[in-house]
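Visitor: Okay, here's the structure, questions in a sec.
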């Protein structure tokens with residue numbers, strides 16, 4: 018394939034990267050809903066890919082898995098989500114309810130070899146969503162004011178990293194994340210008896226830096242272990258402006274985010290046969306004991322338990338690899354199944370947890386006449402169901418496309 022055709026393929030991929038994702042309630046809480054990150058490949062395996070290595074597919078989850086890839090690869094994709102929640106569901110015990118909302122999310126990543134042992138990558142990926150809309154009625158009388166708050170935004174990572182194979186048993190990876198995000202919050206106070214309202218709007222940018230380290234090791238012939246550590250290097254911060262109704266003046270506002278969590282993930286991949294693999298992951302996000310207590314902008318509802326320490330996930334997956342790249346459809350297809358259980362950092366009351374449970378499945382097939390692959394995944398799950406937090410039914414469909422080309426190779430001459 019020529020470089021010009023490769024660029025045309027990339028342009029076609031970019032058309033597909035916009036997608037619609039339903040936004041859950043937790044996006045309006047604290048730092049929002051930290052996403053289980055990855056392409057349709059990771060999603061189909063229940064995101065249990067910290068220890069997963071694939072010599073064909075480009076996996077963004079652990080930079081240590083990028084070694085031995087010998088082609089330039091482009092990966093892009095998105096998610097379509099469906100959020101099912103009853104109209105009278107409570108957002109807070111005081112009587113707040115949430116409206117439906119949606120957001121477009123995408124992924125774009127470029128990988129390329131550097132020499133024989135290093136594989137580098139640059140790209141962008143979503144980190145967390147912070148968006149919601151709710152009404153707070155402090156009193157049921159006719160004269161009671163009604164407060165409507167609408168917040169939108171999210172945080173993305175612009176990253177650069179590389180993976181290197183140290184020897185036949187150990188590989189290392191490193192990624193530098195530049196967090197970049199936008200957050201806006203508009204509050205409208207309506208007074209029914211006066212038929213008037215007042216409003217204020219806050220908007221600004223979020224910036225910060227994270228460092229991610231990854232390791233994969235073959236301790237036994239049929240088992241691969243993986244670890245990733247994600248640490249804030251320069252703590253994220255918010256800088257913006259506040260405007261009031263009828264006033265041309267603005268007021269600058271800034272707030273640091275010192276309790277942005279560190280993340281640790283550990284996983285193992287067991288090779289049962291040449292085609293069948295089992296995967297398990299455990300991950301934890303660590304907050305300080307006083308997380309959100311001194312925060313004004315990024316906070317959790319006052320009635321909720323503010324003893325935030327950590328959030329955790331258990332992930333598992335099953336992979337049945339293709340048996341032939343040029344055979345029938347079933348022979349060329351990768352089949353994936355997964356499960357994950359997630360406990361969130363915010364809780365409506367002490368000694369209770371907001372839990373999210375998902376079942377996932379997916380498949381991946383090569384596209385004809387080139388080195389491209391098309392992957393799909395479908396996840397069905399639920400979250401919540403506690404007193405003060407409704408049960409949410411969630412459906413997510415992911416699609417990702419990767420294409421590759423052999424560049425900068427020396428042709429043999431006769």
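Residue numbers (the numbering used here): 18 to 431.
Ideal Cβ positions, reconstructed from N, Cα and C, are used throughout, including at glycine.
All of these numbers come straight from a predicted model, not from anything done at the bench.
1. Distance check for residue 177 and residue 229, CA to CA, integer angstroms please.
2. What residues are listed by DSSP as bridge partners for residue 249?
3. Mind the definition here: the segment 302 to 321 touches the segment 269 to 278 only if three or more C-beta pairs lie below 8 Å; say whether that holds.
4. Count the C-beta pairs between the segment 71 to 90 and the segment 177 to 195 that are closer than 8 Å, then say yes if the count reaches three, no if not.
5. Using a Cβ-Cβ cutoff of less than 7 Å, which residues in the same chain neighbour residue 234 once the five nearest sequence positions on both sides are dropped?
6. Exposed or buried, what is residue 292 when buried is set at 16 or more other beta-carbons lying within 10 Å of its beta-carbon?
7. Following the continuous beta strand (DSSP E) through residue 353, name the residue where it begins and the one where it ends.
8. The alpha helix (DSSP H) that contains residue 59, what's its start and end?
9. Does the Cβ of residue 232 have 16 or more other Cβ atoms within 10 Å, making it buried, or fewer, making it exposed?
10. Just to confirm before moving on: does the CB-CB distance between residue 255 and residue 222 stay below 9 Å?
11. List in chain order: all unbroken beta strand (DSSP E) runs of 3+ residues lying wholly within the segment 275 to 307.
12. Count the other CB atoms within 10 Å of the CB of residue 194; is the residue buried (16 or more) or exposed (fewer)?
13. Is the Cβ-Cβ distance between residue 172 and residue 198 less than 9 Å?
14. What is the residue span of the beta strand (DSSP E) that residue 146 lies within?
15. So residue 335 is in the beta strand (DSSP E); what residue range does that whole segment cover?
Guide: Straight from the coordinates:
1. Within the chain shown, residue 229 is the residue found at index 212, counting from 1. Within the chain shown, residue 177 is the residue found at index 160, counting from 1. Straight-line Cα distance between these residues: approximately 10 Å.
2. As a working note, residue 249 is residue 232 in the chain shown. Its beta-bridge partners are 227.
3. yes
4. yes
5. Start at 1 with the first residue of the chain shown, and residue 234 comes out as number 217. So the qualifying residues of the chain are 186, 187 and 242.
6. Stepping through the chain shown from its first residue, residue 292 is reached at position 275. The residue in question, residue 292, is exposed, as its Cβ has fewer than 16 Cβ neighbours within 10 Å.
7. Within the chain shown, the letter at position 336 stands for residue 353. Run containing residue 353: 351 to 360, per the beta strand (DSSP E) assignment.
8. Within the chain shown, the letter at position 42 stands for residue 59. Its alpha helix (DSSP H) spans residues 57 to 61.
9. Residue mapping note: residue 232 aligns to position 215 of the chain shown, counting from 1. Buried, because 16 or more other Cβ atoms sit within 10 Å of the Cβ of residue 232.
10. By one-based count along the chain shown, residue 255 stands at place 238. By one-based count along the chain shown, residue 222 stands at place 205. Cβ atoms of residue 255 and residue 222: closer than 9 Å.
11. 279 to 288 and 293 to 303
12. Numbered from its first residue, the chain shown carries residue 194 at position 177. When all chains shown are included, residue 194 counts as buried.
13. Residue 172 sits at position 155 when you count from the first residue of the chain shown. Residue 198 sits at position 181 when you count from the first residue of the chain shown. Yes, they are a contact pair.
14. Counted from its first residue, the chain shown places residue 146 at position 129. First-last of the beta strand (DSSP E) with residue 146: 135 to 146.
15. On the chain shown, position 318 is the one that residue 335 refers to. It spans 327 to 337 - the beta strand (DSSP E) in which residue 335 sits, taken as one unbroken run.
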